[in-house]
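To keep things clear, I will list the structure first and then write my remarks on it.
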Amino acid sequence: MNLLVCVSRVPDTATKIFVGPDGKTIDSKGVKYILNPYDEFALEEAIRLKEKNGGEVTALTVSADDATDILRNALAMGADSAIFIKAPAEPDSYQVAHNIANSVKDKNFDLIFFGRQSVDFDSFQIPSMVAELLNIPSVSVVSKLEVNGSKVIAERDIEGGKETVELSTPCAISAQKGLNEPRYPKLPDIMKAKKKPIEEVAFFQVDAAVEVISIALPVNKRVGKILGDSDSDINEIVRSLHEDAKVI
Amino acid sequence: MKKILVYLEPQNNSFKRVSNELITAANNLAQSSSAEIVGLCIGGNSSIYPSAGQFGLKKLVSVEFSGAYSSTAYAEIVSQVAKAESADVLLFASNATGMEIAPRISAKLDAGYVADCVGLEIVDGNIVATKPVYAGKALIKTKINKSTKVFSLRPNVFTAVKNDVGSPEVTNFSANISDNDKKASVTNVSTNAGKLDVSEADIIVSGGRGFKEAGNFAMVENLAAALGGAVGASRAVVDAGWRPHAEQVGQTGKTVSPNLYVAAAISGAVQHLAGMSSSKVILAINKDKDAPIFKVADYGIVGDVFEIMPKLTEKIKAVKG
Ligand SMILES: Cc1cc2nc3c(=O)[nH]c(=O)nc-3n(C[C@H](O)[C@H](O)[C@H](O)COP(=O)(O)OP(=O)(O)OC[C@H]3O[C@@H](n4cnc5c(N)ncnc54)[C@H](O)[C@@H]3O)c2cc1C
Ligand SMILES: Nc1ncnc2c1ncn2[C@@H]1O[C@H](COP(=O)(O)O)[C@@H](O)[C@H]1O
Numbered sequence: 516m517n518l519l520v521c522v523s524r525v526p527d528t529a530t531k532i533f534v535g536p537d538g539k540t541i542d543s544k545g546v547k548y549i550l551n552p553y554d555e556f557a558l559e560e561a562i563r564l565k566e567k568n569g570g571e572v573t574a575l576t577v578s579a580d581d582a583t584d585i586l587r588n589a590l591a592m593g594a595d596s597a598i599f600i601k602a603p604a605e606p607d608s609y610q611v612a613h614n615i616a617n618s619v620k621d622k623n624f625d626l627i628f629f630g631r632q633s634v635d636f637d638s639f640q641i642p643s644m645v646a647e648l649l650n651i652p653s654v655s656v657v658s659k660l661e662v663n664g665s666k667v668i669a670e671r672d673i674e675g676g677k678e679t680v681e682l683s684t685p686c687a688i689s690a691q692k693g694l695n696e697p698r699y700p701k702l703p704d705i706m707k708a709k710k711k712p713i714e715e716v717a718f719f720q721v722d723a724a725v726e727v728i729s730i731a732l733p734v735n736k737r738v739g740k741i742l743g744d745s746d747s748d749i750n751e752i753v754r755s756l757h758e759d760a761k762v763i
Numbered sequence: 135m136k137k138i139l140v141y142l143e144p145q146n147n148s149f150k151r152v153s154n155e156l157i158t159a160a161n162n163l164a165q166s167s168s169a170e171i172v173g174l175c176i177g178g179n180s181s182i183y184p185s186a187g188q189f190g191l192k193k194l195v196s197v198e199f200s201g202a203y204s205s206t207a208y209a210e211i212v213s214q215v216a217k218a219e220s221a222d223v224l225l226f227a228s229n230a231t232g233m234e235i236a237p238r239i240s241a242k243l244d245a246g247y248v249a250d251c252v253g254l255e256i257v258d259g260n261i262v263a264t265k266p267v268y269a270g271k272a273l274i275k276t277k278i279n280k281s282t283k284v285f286s287l288r289p290n291v292f293t294a295v296k297n298d299v300g301s302p303e304v305t306n307f308s309a310n311i312s313d314n315d316k317k318a319s320v321t322n323v324s325t326n327a328g329k330l331d332v333s334e335a336d337i338i339v340s341g342g343r344g345f346k347e348a349g350n351f352a353m354v355e356n357l358a359a360a361l362g363g364a365v366g367a368s369r370a371v372v373d374a375g376w377r378p379h380a381e382q383v384g385q386t387g388k389t390v391s392p393n394l395y396v397a398a399a400i401s402g403a404v405q406h407l408a409g410m411s412s413s414k415v416i417l418a419i420n421k422d423k424d425a426p427i428f429k430v431a432d433y434g435i436v437g438d439v440f441e442i443m444p445k446l447t448e449k450i451k452a453v454k455g
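Each protein sequence line maps, in turn, to chains A and B. Using the numbering used here, you'd call the opening residue of the first sequence number 516 and step up by one each time. Using the numbering used here, you'd call the opening residue of the second sequence number 135 and step up by one each time.
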């Protein structure tokens with residue numbers, strides 16, 4: 516099987532965020548960048564499919580910064596090779612999707628894996644966008660996957676339940692937590708990953724569709740009435756919920 | 135902005151509440167321009183169409199569709215309607231369906247797309263969309279530099295406002311759908327019968343690791359029942375197997391914006407906040423007065439959940455009569 520996993524490089528979710536001097540991007544000083552956590556589920560699923568059916572796993576990222584660090588992580592987990600599309604400036608989702616689609620359209624991937632969201636802009640859009648650009652079906656937020664030859668059965672989370680979707684390869688899948696337990700690369704895997712190829716591909720020039728006007732930290736407009744646990748305190752909280760906030 | 139297409143989702147005998155929120159948001163955008171608004175409903179019973187008129191929808195395009203929901207087919211239908219109507223703004227809910235089809239449609243229409251918006255306003259003739267980023271630690275304002283603009287809006291953030299304009303004028307559109315468009319089709323839907331889902335609840339009572347074991351969640355259930363709300367959970371609780379993943383609130387779980395969110399024995403890790411910080415009112419209960427959850431809380435009780443939960447439940451029952 517010919518498998519592709521799209522991965523993104525994101526600030527660690529625990530990192531404190533500061534607005535940069537331009538007011539449009541975050542200050543990357545002191546920010547620790549990691550492989551997007553959902554992409555680990557995507558990688559794990561692709562690697563397991565390869566282990567079962569044979570084939571190749573390619574990891575791909577589009578990034579303005581040097582992303583070889585996260586590609587090496589993907590290679591250490593078990594991807595065979597990687598593609599790095601270096602963007603001239605921070606790309607928006609439109610540019611990322613077009614770059615992924617453009618660079619893989621002739622490569623006959625059976626399955627293309629994604630994470631359900633990239634934890635930087637949480638935009639939940641690259642998987643279906645790429646699938647549409649490649650004219651293939653897709654399923655988002657998949658927590659269970661069965662692949663039998665060209666037949667694919669995916670289970671995904673919806674409001675109040677689960678949905679089972681049937682489709683066939685080639686197709687795109689975006690991974691939800693619970694799909695599998697991603698492996699931790701061991702030292703020999705990390706050593707081996709250093710010798711695996713990372714191919715640099717030129718950026719496919721398209722204009723961004725979305726422009727960031729400003730970025731700001733949220734303003735706390737909460738009431739902030741924090742009391743103790745005495746009966747009168749609890750009474751006062753209940754009264755506030757009822758009379759001031761009018762939510763009960 | 136000439137025409138706004140609002141994607142409406144039928145559910146049982148009405149439209150989803152978020153559909154009415156989208157109509158209101160469209161009306162707000164249209165107010166400062168002369169844009170027209172048209173609703174789009176695929177499938178569903180026509181008897182529910184008049185209800186959209188109560189929120190100000192005057193025109194509705196109805197598309198018949200036989201067979202199971204298919205993201206590829208639905209995306210094709212919406213794109214065909216958007217083209218036929220010359221819609222240049224499309225609004226979706228950022229729920230399971232919207233999040234899946236909106237990006238596909240934006241690719242079909244070569245549009246720009248901003249997901250999970252919590253604010254939409256018009257500034258100097260442009261639609262400026264606000265969305266949370268970095269797990270809600272920051273907010274960005276964006277604008278789309280494409281002639282067609284697609285947005286998905288976070289449910290429960292935009293309030294649906296009643297504005298009765300009578301029954302909308304309905305036109306039927308027959309979409310041109312081939313089998314090739316049905317490449318991904320739903321074969322089964324299993325619902326958690328009888329249980330209110332956190333993503334659709336007005337009130338949520340969530341419990342965290344501080345409850346120590348699954349059995350103690352009865353306290354969370356009791357308070358939720360007294361409030362008529364749904365039970366939620368932190369990831370620590372779901373990972374421990376005390377509660378199902380469907381109840382998890384946060385970055386890896388559901389994003390919710392209820393009128394009241396109660397966080398009991400939840401520390402308030404950033405990934406949890408990502409899923410609930412747009413709640414309208416937040417009540418936190420925690421024995422640690424420095425727990426980060428208190429920083430985002432409107433109301434807080436510092437103390438032991440095992441003592442507080444039963445008392446709080448009784449007092450709330452009394453107030454609600
Ligand atoms: C990539 C990633 C994604 C994640 N996604 C999510 C997500 O979607 N949702 C989520 O919730 N988490 C998520 N997490 C995990 C998150 O970081 C926290 O670990 C988790 O939210 C902690 O759950 P908790 O607050 O229940 O437990 P804890 O952090 O252990 O907090 C328990 C709290 O209970 C209080 N307490 C204990 N006993 C009592 C008592 N008797 N009375 C009153 N208070 C008491 C304590 O003071 C403490 O504040 C994610 C983490 C990562 C890395
Ligand atoms: N810059 C990128 N390069 C490669 N893949 C990406 C990139 N950004 C997002 N993706 C993929 O798309 C998924 C969803 O991201 P998003 O739509 O940005 O929330 C991620 O989990 C990745 O699999």
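Every residue gets a Cβ at the ideal spot worked out from N, C-alpha and C, and that includes glycine. Here the structure is a predicted model, which means the values were calculated and not measured.
TODO: Please list the residues of the segment 617–642 of chain A that have a C-beta atom closer than 7 Å to any C-beta atom in chain B, keeping them in chain order.
DONE: V634, D635, F636, D637, S638, F639, Q640
- [ ] Measure the CB-CB distance between Y141(B) and L163(B) and report whether it falls below 9 Å.
- [x] Taking the first residue of the second sequence as position 1, residue 141(B) is located at position 7. Taking the first residue of the second sequence as position 1, residue 163(B) is located at position 29. No, Cβ-Cβ distance for Y141(B) and L163(B) is not below 9 Å.
Open item on the list: I want to check one thing, is the minimum distance from the CB of F440(B) to the heavy atoms of ligand 1 below 8 Å?
Closed with: For the purposes of this step, residue 440(B) is taken as the residue at position 306 of the second sequence. The answer is yes for F440(B).
TODO: Count the C-beta pairs between the segment 614–628 of chain A and the segment 518–528 of chain A that are closer than 8 Å, then say yes if the count reaches three, no if not.
DONE: yes
Task: Cutoff 9 Å: E555(A) Cβ touching any chain B Cβ - done: Numbered from its first residue, the first sequence carries residue 555(A) at position 40. Answer no: the Cβ-Cβ gap between E555(A) and chain B never drops below 9 Å.
Open item on the list: On a Cα-Cα basis, can you pick out the residue from F428(B), Y395(B), P392(B) that is closest to G402(B)?
Closed with: The count along the second sequence starts at 1 and reaches residue 402(B) at position 268. Out of F428(B), Y395(B), P392(B), F428(B) has the C-alpha closest to the C-alpha of G402(B).
Open item on the list: On the criterion of 16 or more Cβ atoms from any shown chain inside 10 Å, does Y247(B) qualify as buried, or is it exposed?
Closed with: Along the second sequence, one-based indexing puts residue 247(B) at 113. Counting Cβ neighbours within 10 Å, Y247(B) comes out buried, since at least 16 surround it.
TODO: Would you check if the distance between the CB atom of E678(A) and the CB atom of Y203(B) is smaller than 9 Å?
DONE: Here residue 678(A) refers to the residue found at position 163 when the first sequence is read from its first residue. Here residue 203(B) refers to the residue found at position 69 when the second sequence is read from its first residue. Yes, Cβ-Cβ distance for E678(A) and Y203(B) is below 9 Å.
- [ ] Note down the Cα distance separating E234(B) from S205(B), rounded to an integer number of angstroms.
- [x] To locate residue 234(B), count along the second sequence from 1; it is residue 100. To locate residue 205(B), count along the second sequence from 1; it is residue 71. Approximately 7 Å between the Cα atoms of the pair.
TODO: Pick out whichever of V404(B), A169(B), F189(B), P266(B) has its Cα sitting closest to the Cα of S220(B).
DONE: The residue you call residue 220(B) lines up with position 86 of the second sequence. Taking only the C-alpha atoms, the option nearest S220(B) is A169(B).
- [ ] Compare the C-beta of K346(B) with all C-beta atoms of chain A and state if any pair is closer than 9 Å.
- [x] Mapped onto the second sequence, residue 346(B) falls at position 212. False, the Cβ-Cβ gap to chain A never drops below 9 Å.
Task: Any non-hydrogen atom of ligand 2 closer than 8 Å to D527(A) Cβ - done: Within the first sequence, numbered from 1, the residue matching residue 527(A) stands at position 12. D527(A): no, Cβ never under 8 Å from ligand 2.
- [ ] Flag this pair as touching only if the segment 311–323 of chain B and the segment 368–381 of chain B have three or more C-beta atom pairs under 8 Å; answer yes or no.
- [x] no
Open item on the list: Does the distance between the C-beta of V371(B) and the nearest non-hydrogen atom of ligand 1 fall short of 8 Å?
Closed with: The count along the second sequence starts at 1 and reaches residue 371(B) at position 237. The answer is yes for V371(B).
Open item on the list: In this structure, how does DSSP classify E441(B) when only helix, strand and coil are distinguished?
Closed with: One-based indexing of the second sequence puts residue 441(B) at position 307. Three-state result, E441(B): helix.
TODO: Report yes or no: is there a C-beta of chain B within less than 9 Å of the C-beta of V662(A)?
DONE: Your numbering for residue 662(A) matches position 147 in the first sequence. Answer no: the Cβ-Cβ gap between V662(A) and chain B never drops below 9 Å.
- [ ] Decide if R288(B) is buried, meaning its Cβ has at least 16 other Cβ atoms within 10 Å, or exposed.
- [x] Translated into the one-based positions of the second sequence, residue 288(B) becomes position 154. It counts as buried.
Open item on the list: Under 9 Å, Cβ to Cβ, is there at least one residue of chain A near L446(B)?
Closed with: Here residue 446(B) refers to the residue found at position 312 of the second sequence. At least one chain A Cβ lies under 9 Å of L446(B).
Task: Sequence-distant residues of the same chain with beta carbon closer than 8 Å to A309(B), five excluded per side - done: Taking the second sequence and counting its residues from 1, the one referred to as residue 309(B) is at position 175. Excluding residues within five positions, the ones whose Cβ falls inside 8 Å are V197, F199, E210, I211, Q214, V215.
- [ ] Just tell me which of T158(B), P426(B), V323(B) has its CA closest to the CA of D298(B).
- [x] Indexing the second sequence from 1 puts residue 298(B) at position 164. Comparing Cα-Cα distances from D298(B) to each of T158(B), P426(B), V323(B), the minimum goes to T158(B).
TODO: Enumerate in chain order the residues of its own chain whose CB-to-CB distance from V262(B) is below 6 Å, with the five nearest sequence positions on each side excluded.
DONE: Taking the first residue of the second sequence as 1, we reach residue 262(B) at position 128. Closer than 6 Å at Cβ, skipping near neighbours: E255, K275, K277.
TODO: Helix, strand or coil for S658(A), going by three-state DSSP, please let me know.
DONE: Reading the first sequence from its first residue, position 143 is the one you call residue 658(A). Note: S658(A) maps to strand in three-state DSSP.
Task: Three-way DSSP call (helix, strand, coil) for L394(B) in this model - done: Along the second sequence, read from residue 1 onward, the residue named residue 394(B) stands at position 260. Of the three classes helix, strand and coil, the one that applies to L394(B) here is strand, per DSSP.
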